[in-house]
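The structure appears below as structure tokens.
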Amino acid sequence: MRDSESEWSVLMRAAIGGDGRAYARLLTEITPVLRGIVRSRGRTLPPDRHEDIVQDVLLAIHEKRHTWRPDSPLKPWLYAVTRHKVVDAFRRRGASVHLPIEDFTEFLESEPGPDPLARRDTDRLLAGIDDRSAAIVRAVAIEGEETGAVGARLSMTEGAVRVALHRAMKKLARLGAGSGGDGPGRGRDE
Amino acid sequence: MRTEDLISRLVAEPPRPPLRAAAMALAMLVALALPLGWFLGSMGMRPDLEAALLAPVTAAKSLLPFVLGATSVALALHLARPEARVGRRLVPAALVGLAALGLWLGFWVQTPTQALGAAIRGSTQVKCLTTITLMSLPPLAVGLLMLRRGASSAPALSGAVLGLACGGMAAAGYALHCTEDNPLFYVTWYGAAILAAGGIGALLGWRLLRW
């Protein structure tokens, strides 16, 4: 594994100095790690909440970044912020979570890649098409099921599933293009 | 909102000035110096101050709370960082507590039973309690405001340590005025006032230092 500690520290130092590109890279590299932590700990919560928590943590990292001392390692700081916000987020959502005090590294090593589709946005988009098409998109495009298996489940031919999927994806693309400006309506101060 | 969008929004914001422990300590010191200066100015220092500070037991009346205050300020500022742990940094405060307790017990065994009540009560305990507690509030308020910029992983603990710091400093200053030199008195009432400040700090910290 590459040395993300020194790399991230360098990025954060640059970010604090006003380098937006370094900051964007840092946050983008951190995000999958945060997802991994939230996902591995958050089995008691519905998965569509996970991305919310990831965003909570990112926001906290952002708002408290001046509390990191640039001459100290970044990861312990990063992990402390993450732990604090994840525990807090789960508590506020009525679920409990256990995060060990100091094993950021463990999470780092075992990290899966970023989620290809943000689950919540997908759900909202899928609500805009008919149920059967939504079920097909969910099964094939998100869960990765075989079209044949989906067809058998929905008593459709495999070809019909493919056609329906194709149409649904086109429709979703249109819906997605039209719903770009959802703005700050995420209701974060509950 | 998609996470990528959140990130690009965050990145567009300007960076923030770092947390400066020295500036925070200085602001708290000023917030303590004002009420303390006013109190000592209007009520006066004890007339025999120099002689009193040369007597170890009397000097301890200022010294112990001062050490508690100074080490607790440092600890409270340290705890403003999310990755901070308390651990051994509580040792100085614990040692001060032990020393005070030892002093109190030492005088307790030396004092005849019938004189204990009067020695503990003294004659100024109400003034002592209220003055120390009240004088600790301005620096506590300033300290809490400044710590809100921090990111304590244990808000109540941070508040409590800050309260102890302010109580200790206020007591050390008050001791320059107070002429009750029996540890049975000052450990009891100074201690109670400092602990009260710590309790207020814990409550306020729990409310105000969450993030």
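Read top to bottom, the protein sequences are chains A and B. If you read the first sequence in this note's numbering, its first letter stands for residue 101, the second for the next number, and so on. If you read the second sequence in this note's numbering, its first letter stands for residue 827, the second for the next number, and so on. Beta carbons: idealized from backbone N, C-alpha and C, even for Gly.
Who are the Cβ neighbours of M269 of chain A in its own chain at under 8 Å, not counting the five residues just before and after it?
Taken in chain order, the residues that qualify are V237 and A241.
Q) Does the Cβ of T780 of chain B have 16 or more other Cβ atoms within 10 Å, making it buried, or fewer, making it exposed? A) Residue numbering for chain B in the displayed model covers 827 to 1037; residue 780 of chain B lies beyond these limits and cannot be assessed.
Open item on the list: Quick check: what's the CA-CA separation for A986 of chain B versus V181 of chain A?
Closed with: When rounded, the distance between both Cα atoms is 21 Å.
Taking S962 of chain B and A996 of chain B to be in contact with their CB atoms under 8 Å, please state how far apart those CB atoms are, rounded to whole angstroms. Between S962 of chain B and A996 of chain B the beta-carbon gap is near 4 Å, inside 8 Å, which marks them as a contact.
* Could you check what DSSP says for D230 of chain A in three-state terms: helix, strand or coil? => D230 of chain A falls in the coil class under three-state DSSP.
| message | Taking its Cβ as the centre, do 16 or more other Cβ atoms sit within 10 Å of G867 of chain B, making it buried, or is it exposed? | response | Result: exposed.
- Where does K164 of chain A sit, in a helix, a strand or coil, going by DSSP? Coil at K164 of chain A, not helix or strand.
**OP:** Go through the segment 948–983 of chain B residue by residue and report every complete run of the alpha helix (DSSP H) that reaches 4 residues or more, in order.
**Re:** You should have 951–973.
* **Pairwise C-alpha distance: K164 of chain A and Y179 of chain A** => Between the alpha carbons of Y179 of chain A and K164 of chain A lies a distance of about 13 Å.
**Request:** Consider the C-beta atom of S978 of chain B and the heavy atoms of the ligand GTP; say whether any pair is separated by less than 7 Å.
**Result:** This structure does not include the ligand GTP; it has no bound ligands of any sort.
### Query
For the putative contact between P964 of chain B and H184 of chain A, defined by C-beta atoms under 8 Å, what is the C-beta separation to the nearest angstrom?
Not confirmed; about 29 Å, so no contact.
Legend entry - Proximity to G1024 of chain B [Cα-Cα], best of B:A906, B:A859 and B:L983: Checked all of B:A906, B:A859 and B:L983; the closest Cα to G1024 of chain B is B:L983.
| query | Expressed to the nearest angstrom, what Euclidean distance is found between the alpha-carbon atoms of L1010 of chain B and L1021 of chain B? | reply | Straight-line Cα distance between these residues: approximately 16 Å.
key: Within chain B, the residues that H162 of chain A reaches when beta carbons sit closer than 8 Å   = Residues of chain B passing the Cβ test: L836 and E839.
Look at the alpha carbon of I153 of chain A and the alpha carbon of W934 of chain B, and state the distance between them as a whole number of angstroms.
The alpha-carbon atoms of I153 of chain A and W934 of chain B are separated by roughly 56 Å.
If you drop the 5 nearest sequence neighbours on each side, which residues of the same chain put their C-beta closer than 6 Å to that of L47 of chain A? Residue 47 of chain A is absent from the model: chain A starts at 101 and stops at 290.
| Would a check of beta-carbon distances place W108 of chain A closer than 8 Å to chain B? | No - not a single Cβ of chain B is within 8 Å of the one on W108 of chain A.
task: Please name the residue, chosen from B:V922, B:I958, B:A847 and B:P873, that lies closest to L905 of chain B on a Cα-to-Cα basis.
output: Of B:V922, B:I958, B:A847 and B:P873, the smallest CA-CA separation from L905 of chain B is found for B:A847.
Buried or exposed (CB count within 10 angstroms, at least 16 for buried), R872 of chain B:
By the neighbour-count criterion, in which 16 or more other beta carbons inside 10 Å mark a residue as buried, R872 of chain B falls on the buried side.
query: In three-state DSSP terms, what is H1003 of chain B?
result: The DSSP-derived three-state label of H1003 of chain B is coil.
Can you tell which of B:A1001, B:C992, B:N1008 and B:Y1000 has its C-alpha closest to the C-alpha of L901 of chain B? If we check each option's Cα against that of L901 of chain B, B:C992 comes out closest.
Checklist entry - Which residues of chain A have a Cβ atom closer than 8 Å to the Cβ of S984 of chain B, listed in chain order? => result The contact set of S984 of chain B on chain A, defined by CB atoms closer than 8 Å, is empty, because the minimum CB distance reaches about 12 Å.
Q | Under 8 Å between C-beta atoms of V837 of chain B and L127 of chain A | A | Contact flag set, yes.
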